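This note's numbering runs 189 ahead of the 1-based position in the sequence shown. Take a look at the structure below.
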Amino acid sequence: MFLEIYNKIKEFDTIIIHRHKKPDGDAMGSQLGLKRAILATFPNKRVLAVGACSESLAFVGTTDEVLDEDYKEALVIVLDSGAEMLIDDERYKNGKLLIKIDHHIPQGEYGDIVLVDNSYESCAGIIGDLIRNTPLVLTKDAASAIFLGMVTDSGRFRFSSTTLELIPFCNTFVTKSLSFV
Numbered sequence: 190m191f192l193e194i195y196n197k198i199k200e201f202d203t204i205i206i207h208r209h210k211k212p213d214g215d216a217m218g219s220q221l222g223l224k225r226a227i228l229a230t231f232p233n234k235r236v237l238a239v240g241a242c243s244e245s246l247a248f249v250g251t252t253d254e255v256l257d258e259d260y261k262e263a264l265v266i267v268l269d270s271g272a273e274m275l276i277d278d279e280r281y282k283n284g285k286l287l288i289k290i291d292h293h294i295p296q297g298e299y300g301d302i303v304l305v306d307n308s309y310e311s312c313a314g315i316i317g318d319l320i321r322n323t324p325l326v327l328t329k330d331a332a333s334a335i336f337l338g339m340v341t342d343s344g345r346f347r348f349s350s351t352t353l354e355l356i357p358f359c360n361t362f363v364t365k366s367l368s369f370v
């Protein structure tokens, strides 16, 4: 499934990434981490993040101003939203192809390509695996955003959804974050 998603990212020139309303660390972290990894891999693509910003998460980054016409030939990726009614900005339906990536139990179905795996503690964890298992490039900024998502949705690794497999996985992102100049 990861390679199918990667190939769609590779295919489209414009990619618009959505997430749920009232974002938490996982929503913002997975959204901005994926955006940064795509841009590091494909610097000539137009990659936009959509949704209202949260003041408390401004340190991780901000979203973009997206016009209606940007959706015409775009790949739309919705992250961390089990139900359509939770998606920030209704225009997610206006793209050419819709990919849903999530870790919640689905509350309704949407998307042309759907990757839902509720064994992950966070959507950021899925995005991390997407990057690790495809040619997407992990940068310091992408690693920091993804790590934020994993930390917040795992309750700082205290929730029962946290597994021993998560520890070396997080070490990859911490090491990457700290190893960049």
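All C-beta atoms, glycine included, are put in the ideal place defined by N, C-alpha and C. Please read these numbers as outputs of a predicted model, since none were measured by experiment.
Taking Cβ to Cβ, would you say residue i is nearer than 8 angstroms to residue j?
i           : j           : result
residue 250 : residue 337 : no
residue 238 : residue 224 : yes
residue 205 : residue 272 : no
residue 291 : residue 268 : yes
residue 215 : residue 312 : yes
What does the Cβ neighbour count give for residue i, buried or exposed, with the cut at 16 atoms within 10 Å?
i           : result
residue 317 : buried
residue 248 : exposed
residue 274 : exposed
residue 294 : exposed
residue 220 : buried
residue 324 : exposed
residue 232 : exposed
residue 241 : exposed
residue 301 : exposed
residue 297 : exposed
residue 304 : buried
residue 370 : Below a pLDDT of 50, predicted positions are generally treated as unreliable, and residue 370, at 37, falls in that range; the measurement from the model is reported next regardless. So residue 370 ends up on the exposed side.
residue 192 : exposed
Please state the DSSP three-state secondary structure of residue i.
i           : result
residue 225 : helix
residue 289 : strand
residue 327 : coil
residue 208 : coil
residue 341 : helix
residue 251 : coil
residue 294 : coil
The alpha helix (DSSP H) with residue i in it runs from where to where?
i           : result
residue 321 : 312-321
residue 194 : 191-200
If you follow the beta strand (DSSP E) that residue i is in, where does it begin and where does it stop?
i           : result
residue 235 : 235-238
residue 255 : Looking at the DSSP string, residue 255 is not in any beta strand (DSSP E), and its letter there is neither H nor E.
residue 304 : 302-305
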